Structure formats: structure tokens, C-alpha cells
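Peer 1: Heads up, the sequence shown is in the working numbering, so the first residue is 1 and it goes up one at a time.
The beta carbon of each residue, even a glycine, is placed where N, CA and C say it ideally should be.
Only a predicted model underlies this, so the values are computations on that prediction, with no experimental measurement involved.
I am attaching a structure below and will ask some questions about it afterwards.
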Amino acid sequence: MKSVKFLNSVVLFFTMQLFTACIALPGGFVKVDKNITKCGDNPVSPLFTGDKIQNSDAKVNVPFGSKPHKYTEGIITPTGVTNEQMDKAVTSFYDHWKTTLIKKGCGEDRYYLSKGKGSDGITVSEAHGYGMIISALMAGYDKDAKKHFDGMYYYFREHPSNYSKDLMAWHQNRCCRDDEGADAATDGDIDIAYALLLADKQWGSCGAINYKKEALKVIKAIKEKELNSSGKYTLLGDWATPDDNNNYYFATRASDFITSEFRSFGEASGNITWRILVESIYTIIGKIQADISPESGLLPDFILNPLSTPKPAPARFLEDVNDGNYYYNSCRVPWRLGTDYLLHGDKRMKGYLQKINSWAIKSTGGNPENIKAGYTMDGKPVAGSNYATMAFIAPFGVSAMADPSNQKWLDSLWNTISNFPPEDYYEDSIKLMTMIVMSQNWWAPEKIKEVCNN
1 MKSVKFLNSV VLFFTMQLFT ACIALPGGFV KVDKNITKCG DNPVSPLFTG DKIQNSDAKV
61 NVPFGSKPHK YTEGIITPTG VTNEQMDKAV TSFYDHWKTT LIKKGCGEDR YYLSKGKGSD
121 GITVSEAHGY GMIISALMAG YDKDAKKHFD GMYYYFREHP SNYSKDLMAW HQNRCCRDDE
181 GADAATDGDI DIAYALLLAD KQWGSCGAIN YKKEALKVIK AIKEKELNSS GKYTLLGDWA
241 TPDDNNNYYF ATRASDFITS EFRSFGEASG NITWRILVES IYTIIGKIQA DISPESGLLP
301 DFILNPLSTP KPAPARFLED VNDGNYYYNS CRVPWRLGTD YLLHGDKRMK GYLQKINSWA
361 IKSTGGNPEN IKAGYTMDGK PVAGSNYATM AFIAPFGVSA MADPSNQKWL DSLWNTISNF
421 PPEDYYEDSI KLMTMIVMSQ NWWAPEKIKE VCNN
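And the structure:
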């Protein structure tokens, strides 16, 4: 009898541990904090407006595969493969990505991009931005692209940040409610604004959604809430303020240096702030490469003192021990910066990219599968990084296009990227977007003719 009581006590103890640790037992959702409850079979956002999607059969102005404008003169593309074969590789992987990750839910005609396997929520604003950009760029191949885009737009509007109605709350739980703090993450908002500019040139703004008008609202909110007071660097989110106690306001995230999209914001809004921001970011990159990573050229996940003496953040500044390393945030930098050079051709950016590529080729022996999942600023692999993943490999495919000396490296990258098996939401989304860029199917909205505007 004593042993039975002991066993019952053990069972009760571990059961309570499971509940307090927010672990889902089979058949039940047990997290009870932050307004998460049992949601039912078809949860709907509290702000769901009921707006239905219209004009899903609107004419496509820039169909996938049309390659509407040339990239910068002198850049290179993969050899040994035709444009048609590259496009086929993109559409094939897109079909997998779409089927796996685009989900319908949280209201009639609503869509969102799933966070992937083992997630504690359904999506984040970063994913939402990716989903909207990809949907706009794949129109013409995918007949459902506009339906998905508009459904994502309405979802975005129904999940505003507490700090601005034109920015997106960064995380939604399985009940379609905002949690983990209903504030915004800068990169998600940047991509959402850019996606709306793409949509304006893809389908025009004469339908149910005035994409251009909505884009300008988001661009204005980013300027007001997600740039520092001088407009010279991006904040970590709209929650970072000068009076916080952790100096988050005086820090920036290298993966938010999305300079090609900032150029488009300047063209669309006519506001000089975006040109100032691009110039300031170029200066920050130059200082980091000169003073912190002269051999590797890598940028850290988080940067302190960006306008004076930029330096890597200390361990656990915001996320984990690798906050000051080239890790799962800044792994996107070669793609983001590379896209800026391919579309806009600033020679300073070519120099930044070549420093990174020269180090990468040397450190891997020219084999992309030797790229590790994380590095220190001096180019040494971080602990636990000895595996290959598209999050780190694929972005180099874009940066390698900047210079003819990278041709062998670029060809190896394309072969590795296009043949790499699917992973999860983050890795697959990065892979797909880099393939779109590498196949010359990414475009700057300001270089495309108007369709129509209200």
C-alpha cells in the first residue's frame, strides 16, 4: 500500500510539472496563461471583420518567370543550368512550400504562414511578411496567389500591435489571439510594407484593397515607431524606447538591414528618411567589417551603439548565448544585402559582399555543405553548429552573384540549394526566397509601370 501511495504521488507530481511547463498532453491543450484556452475547432480572431476576398481573378502584371527588369550590370548567374530549369526548380519547391505552410484559418477567407513543426503558436509577423512577398512574386504561376495575399492582408489588419494599428503584433497563438506581448517586430513590418508595394504593381490598387495606400500607412508607422529618433538605424521593434532599462533602444538587428526595401519605401513615399537610413546602414556595416570582423566580414545578430562604436551584443542580450555571433538572425544578411546590390548596384555593397564571400570560400574549401550553422566574428564555428541547413547556406547564393570571381562558388551553391531536402518553415522560406532572387524573379516595385490606382 505504501508503494501504491508513492506511485500515485509521483504521477501527480509529474502531471503538475507537465501542466506548469505548458506541455501539451495527448489530446489536450493545457497552457493556461496569456489568454490561451481551449479554442474549439475553428477559432476566429477577436478582431475578425468578416471582409471577404474579392477580385481573385485580377490580371497579373508581372507574372512569375517574366524577369521584368535586369539586375545590376556585371553580376553573374548560375551556369550549367538554363533560366527555364531554374524557374522549374523554384516552382517545384514553391509547390511544396505552399502546400506545407500556407494555412487557412482564423476567420473566413483568412490565410497565414505556419511557423512550422513543434510550434507554440500558429505564426509570427516575420513569417507573414515572407508569405505576402512570396505570394506577390509567384503570381502568374499560382492562380491562388492573390487570394492568399488578400487573406494574409486581412489577417495582418486584424492583428495590430498595441503601439500602432498599422504594424503587426508579432505572435499569434493557436486560438488566433496575439500573445507573447502584442507588439511588433521590425523585420515583419518591413516585409509586409514591401509586399504591399509589390501587390500594387502586380494587381493594381483599384480593387477592394488599395495596396499602395495601405503600404504607405505601414511605411509611415515603421518610420515613426521602428526607427530611432534620427532615422539612422532600425529598432528591434516598436516596443524599444529611449527610457527602457536594458538599452534595447540603442541596439539594432543586422538582419533588419533590408536596404533594397528601404530604397523602395523612399521611392513610394518621397521621404528622404529612407535614403538617410540606407547611408547610415552602409556606414555601420563598414565599421563592423573594419573593426570587428576584418577577416570574415560577418555581422552579428545584434549590434550595440550603432551610430558611434558599433559592436556585437553580449551573450543573452535578447535571445541566447549567440546574440553577438553570426547566428540564426544574421544568417539572412548575405541574402538581404546581396539583393540590394543585385537590384541597385551600389559598389560599396559589392565590397561588403566580397569580403564575406572570400572568407566563406576559403573557410569551406568551396563546398557549400561545409557552411556551419553559426560563427563567431572571427569566422570560427560556434558550439553545436556542425550541420548543414538552408538558413545559413542559401543566403550565400544571392551574395555570390555580386562578382564574376565567385562563379564556381555560385554554381556549387545553386546545385546544393536546389537539391537540398525540405526542412522547416524558417529554413524553407529562406531557401525559396533566395531561389527566387537567384533565378532573377525578384523585382523592385519602383521599376515596374503602374497598373491602376484609386
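Can a CB atom of chain B be found closer than 7 Å to the CB of Tyr375?
Peer 2: Annotation note: the requested chain B is absent from the structure, which comprises a single protein chain.
Peer 1: For Glu158, count neighbouring Cβ atoms within 10 angstroms of its own Cβ and tell me buried if that reaches 16, exposed if not.
Peer 2: buried
Peer 1: Taking all protein chains shown into account, decide if Pro242 is buried (16 or more other Cβ within 10 angstroms of its Cβ) or exposed.
Peer 2: exposed
Peer 1: Kindly indicate which residue of Asp120, Leu113 and Pro160 has the alpha-carbon position closest to the one of Gly151.
Peer 2: Leu113
Peer 1: Measuring CB to CB, does His96 end up less than 7 Å from Pro310?
Peer 2: no
Peer 1: In the DSSP assignment, the alpha helix (DSSP H) including Lys103 goes from what residue to what residue?
Peer 2: That residue, Lys103, is in no alpha helix (DSSP H); its beta strand (DSSP E) goes Ile102 to Lys104.
Peer 1: Tell me whether Ala184 is buried or exposed, calling it buried when 16 or more other Cβ atoms sit within 10 Å of its Cβ.
Peer 2: buried
Peer 1: Starting from Phe64, trace the beta strand (DSSP E) both ways and give me its first and last residue.
Peer 2: Here Phe64 belongs to no beta strand (DSSP E), and DSSP marks it neither H nor E.
Peer 1: Give the C-beta separation of Pro457 and Gly324 to the nearest angstrom, bearing in mind that I take them to be a contact with Cβ-Cβ under 8 Å.
Peer 2: This structure cannot speak to residue 457, because the chain is shown only from 1 to 454.
Peer 1: Can you name the start and end residues of the alpha helix (DSSP H) that Phe262 belongs to?
Peer 2: Its alpha helix (DSSP H) spans residues Thr259 to Ser269.
Peer 1: Would you say the segment 64 to 73 touches the segment 435 to 448, given that touching needs at least three Cβ pairs under 8 Å?
Peer 2: yes
Peer 1: Relative to the C-alpha of Glu108, which candidate in Tyr426, Ala215, Trp170 and Lys147 has its C-alpha closest?
Peer 2: Lys147
Peer 1: Three or more beta-carbon pairs under 8 Å between the segment 204 to 219 and the segment 230 to 248, yes or no?
Peer 2: no
Peer 1: Alpha carbon to alpha carbon, what distance is there between Trp274 and Ala268?
Peer 2: 10 Å
Peer 1: Can you tell me the Cβ-Cβ gap for Glu226 and Leu235, rounded? I've got them flagged as a contact below 8 Å.
Peer 2: Contact holds; Cβ gap of about 5 Å.
Peer 1: Tell me which residue opens and which closes the alpha helix (DSSP H) that Ile371 is part of.
Peer 2: Following the DSSP letters along the chain, one finds Ile371 in no alpha helix (DSSP H), marked with neither H nor E.
Peer 1: Do you know whose CA, among Pro306, Asn61 and Gly116, lies nearest Ala199's CA?
Peer 2: Asn61
Peer 1: Pick out whichever of Lys212, Gln440 and Phe420 has its Cα sitting closest to the Cα of Val398.
Peer 2: Gln440
Peer 1: Identify the residues that DSSP records as bridge partners of Ala139: which are they?
Peer 2: According to DSSP, which records beta bridges pairwise, Ala139 is partnered with Asp142.
Peer 1: With a CB to CB cut of under 8 Å and the five nearest residues on each side skipped, what residues in its chain are close to Ile134?
Peer 2: Tyr94, Trp97, Ser429, Leu432, Met433 and Ile436
Peer 1: Using the Cβ count rule (16 or more neighbours within 10 Å means buried), how would you classify Pro43?
Peer 2: buried
Peer 1: So does the segment 394 to 413 actually touch the segment 72 to 82, counting three or more Cβ pairs closer than 8 Å?
Peer 2: yes
Peer 1: If we count the other Cβ atoms within 10 Å of its Cβ and call it buried at 16 or more, is Asp291 buried or exposed?
Peer 2: exposed
Peer 1: Between which two residues does the alpha helix (DSSP H) harbouring Arg336 extend?
Peer 2: Its alpha helix (DSSP H) spans residues Val333 to His344.
Peer 1: Would the segment 117 to 125 count as touching the segment 172 to 192 if we require 3 or more Cβ pairs under 8 Å?
Peer 2: yes
Peer 1: Sort Trp443, Lys117, Trp414 and Tyr426 by Cα distance to Thr82 and report the nearest one.
Peer 2: Trp414
Peer 1: Classify Ile272 as buried or exposed, calling it buried when 16 or more other Cβ atoms lie within 10 Å of its own Cβ.
Peer 2: exposed
Peer 1: My assumption, with CB atoms under 8 Å, is that Val278 sits in contact with Phe262. Please give the rounded CB distance.
Peer 2: 5 Å
Peer 1: Does DSSP classify Phe48 as helix, strand or coil?
Peer 2: coil
Peer 1: With 16 other CB atoms within 10 Å as the buried threshold, where does Gly27 fall?
Peer 2: Any reading at Gly27 must be qualified, since the residue scores a pLDDT of 25, below 50, and its modelled position is unreliable; the value itself is stated next. So Gly27 ends up on the exposed side.
Peer 1: Which of helix, strand or coil does DSSP assign to His96?
Peer 2: Annotated three-state conformation of His96 is helix, per DSSP.
Peer 1: Confirm, please, whether the CB-CB distance from Ala391 to Glu427 is below 7 Å.
Peer 2: yes
Peer 1: Would you say Ile192 and Phe156 are within 7 Å of each other, going by their C-beta atoms?
Peer 2: In this structure, Phe156 lies closer than 7 Å to Ile192 by Cβ.
Peer 1: Beta carbon of Ser260, beta carbon of Thr339: below 7 Å?
Peer 2: The answer is yes: Cβ separation under 7 Å.
Peer 1: What did DSSP end up calling Ala215 once you bin it into helix, strand or coil?
Peer 2: helix
Peer 1: Please list the terminal residues of the continuous alpha helix (DSSP H) segment that includes Thr186.
Peer 2: Thr186 to Trp203
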